[in-house]
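Heads up: the sequence shown is residues 646 to 1098, going by my numbering. Glycine is no exception: its CB is placed at the ideal position from the N, C-alpha and C atoms.
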Amino acid sequence: MSRVSKHKKRRQLKKKKIFMTVGIIAVVYFFGFFFFTTHYYPGTTVGSMKIGWRSEASARQYLKDKLSEITVTVEEPEGEELITAVDAGLAYTDLKVLGQILNRQKGQIWFWQLKDKQDNEPLTLRVDQEKLSVSIDALECMNPETPVESASATLEYDAGQKEYVIKEGSLGNIVEKEHFLEGVSEAFLNGHSSISLKDPTYYKQPEYTSASQEVLDAQQVLNGYLGGTISYKDGKQTEKLSRKEISQCLKCSPDFQVSIKRAKVKKFVKTQVAGTFNSVEGSIPKGLTAWKVDEEKEAEAVIKTIQSGKKEERKPIYATEGFDKTDSDIEKTYIDVNLSLQKMWYVEDGKVALSSDVVTGNTSTGHGTGTGLYRIAFKQRDHLMVKYNSFVHYWMPYNTRVGIGFHDASWRSSFGGDIYRYNGSHGCINMPPANAEKLYSLISTGTLVYIHW
């Protein structure tokens, strides 16, 4: 073969190679052009998810498969429970973004994009709240075997500190669903793999805590009332309304409204004030000289003192008043004669032991019975009153200077009323024989006698 022929053949072979190379490049180029029109570039990501080389349909399925693998573990005080993506109705809200990513790819220069990363924002997730709510309702943590409600803080009187202190409430085991539902939703949406029910905020909270303004205000009012103590003193008798006793008269409602227990105040007045300062037990007969506390007025006064929060020293308010309280003995045992009512009472140790109608001195003849305080001088059976030539079985004089005393008057058929005005005695206190006998057996020499109108 000639040199010319060989050269020509080499030139033809070279052209053939060039055409083949160009053809291959063209085939590869157009293949890539058409491939990356429907598939993502190799470095394409959506958030942390790699979708390179995938078609839109493949990418959609891939993302959904990965989504279904997501779970949230509920860490409980005594175990764990699992909530799946299916339980939560977890889904993407904007899968159409996948198509937009494809549309942005420039297929004609696909070969320049192979080494570049195509990072895209993560897709937005949503939770089906109704479906998740139903799933949460089925959890064991939402259905405790023994439900325990949360308890609010309380105010209690501390005898050591002598004031009201706040006792913190307690947290129950009932999960507050709305807050828990929100927490689980956020865990799914933010990529958290667990949520802890050891967090106390997920449980139903007490309505009132130690920091609640209502609790602090009530504590201030209660402790202010404790300052309203009362020290009673009348004669030798004393009584006191202490801080502890005031605390027993105070009430704080569940919503921390403070009030005073009127029944408790009345009981204190009845048992301690009246019990101390009343000179006669029970109801006091009209006309009997005795100390008796006005319980209604005294109770109102006590309430006002408590509300003022100020310490006070005073006497009780009396409905009726008796003797001077400088002598404590006269409050317990004495004979009381009411000339206006023509009645007498013998009070022994604070109890009415005897009462009787009487006839006293004749006021029309100037022999009216004198008033004042006396004492029984002595007692005598079967006594003849020589001055008046009258025989009595029971003689109990209290004014020996003029010979005046208590005695039976068998010659009278009636006692009391207005008899003393026109047919009274010469100054003595006439009694029915049976009552004179009783009085004689009850009294002692020295028994106090009080005569008054």
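Per DSSP, what are the beta-bridge partners of residue i in this structure?
i     : result
F1036 : L1029
C897  : V903
P1042 : G1050
V691  : M694 and N765
K812  : T799
S1001 : M989
V982  : M989 and I1096
G724  : E721
V772  : None; V772 has no bridge partner.
Y707  : Y707 is not bridged to any residue.
S892  : According to DSSP, which records beta bridges pairwise, S892 is partnered with nothing at all.
S876  : K885 and E958
Pull up the distance between the alpha-carbon of residue i and that of residue j, whole angstroms please.
i     : j     : result
K988  : K896  : 47 angstroms
L886  : I875  : 5 angstroms
Q865  : S892  : 13 angstroms
E766  : S795  : 44 angstroms
I1064 : W1098 : 15 angstroms
R1066 : A946  : 44 angstroms
L777  : T791  : 24 angstroms
A908  : E941  : 11 angstroms
Q753  : K760  : 15 angstroms
L1018 : V860  : 59 angstroms
G920  : D1002 : 29 angstroms
G1011 : L986  : 19 angstroms
V1047 : C1073 : 10 angstroms
N1044 : G1050 : 6 angstroms
D739  : R771  : 10 angstroms
R1103 : I669  : In the structure as shown, the chain begins at 646 and stops at 1098. Residue 1103 is therefore absent and cannot be evaluated.
F756  : Y674  : 8 angstroms
M1041 : L1084 : 9 angstroms
N835  : Y847  : 18 angstroms
P930  : G814  : 54 angstroms
S924  : K977  : 6 angstroms
K949  : L933  : 31 angstroms
H837  : D844  : 15 angstroms
Q952  : K906  : 12 angstroms
P851  : L800  : 14 angstroms
E831  : A804  : 49 angstroms
N1080 : E966  : 26 angstroms
S1070 : L1087 : 24 angstroms
With distance defined between alpha-carbon atoms, name the residue in the options nearest to residue i.
i     : options                      : result
N748  : L735, S797, F678 and P722    : F678
R959  : V918, T846, L842 and V1004   : V918
S839  : Y848, P845, T846 and G828    : G828
F922  : D879, P851 and P687          : D879
E957  : G1048, Y870, Y1085 and K653  : Y870
V982  : G1015, I951 and T965         : G1015
L1093 : K906, I980 and G872          : I980
K889  : E801, Y737, H1028 and K807   : K807
G954  : G1069, T682 and G872         : G872
D862  : Q882, V810, K881 and H1028   : V810
L816  : F681, T854, Q952 and Y1095   : T854
P722  : F664, S841, T683 and Y686    : S841
E714  : G1006, S1055 and L735        : L735
K881  : D969, A832 and A804          : D969
D1053 : G927, F1036, G1061 and G1062 : F1036
T769  : M694, P789 and Y802          : M694
C786  : A998, L1029, E725 and K653   : E725
Y685  : Y963, V672, E701 and I1096   : E701
T683  : N1007, L743, F825 and M665   : L743
Helix, strand or coil, according to DSSP, for residue i in the structure here?
i     : result
K881  : coil
P845  : helix
K1083 : helix
G1072 : coil
H684  : strand
R1020 : strand
E958  : strand
A908  : helix
G1006 : strand
K760  : coil
T666  : helix
V820  : strand
K651  : helix
A733  : helix
S973  : In this prediction, S973 scores a pLDDT of 49, lower than 50, which makes its location untrustworthy; the coordinate-derived value is nonetheless stated afterwards. Note: S973 maps to helix in three-state DSSP.
Q657  : helix
V925  : coil
Is the closest heavy atom of the ligand FMN to the C-beta of residue i under 8 angstroms?
i    : result
Y870 : The model on display carries no ligand, and the ligand FMN is accordingly not part of it.
Is there a C-beta anywhere in chain D that falls below 9 angstroms from the one on residue i?
i    : result
V779 : This model lacks chain D altogether, as it is built from one protein chain only.
Touching by the beta-carbon criterion (3+ pairs, under 8 angstroms), the stretch 990-1001 and the stretch 1012-1025: Taking 8 angstroms as the limit for Cβ pairs, the verdict is that the stretch 1012-1025 does not touch the stretch 990-1001.
At least three beta-carbon pairs within less than 8 angstroms, the stretch 711-718 to the stretch 780-788: Pairwise C-beta distances place the stretch 711-718 out of contact with the stretch 780-788, as fewer than three of them are shorter than 8 angstroms.
Stretch pair the stretch 730-745 + the stretch 650-666: three plus CB contacts closer than 8 angstroms: no
Contact between the stretch 815-834 and the stretch 687-705 (3+ Cβ pairs under 8 angstroms): Too few Cβ pairs lie closer than 8 angstroms, so no.
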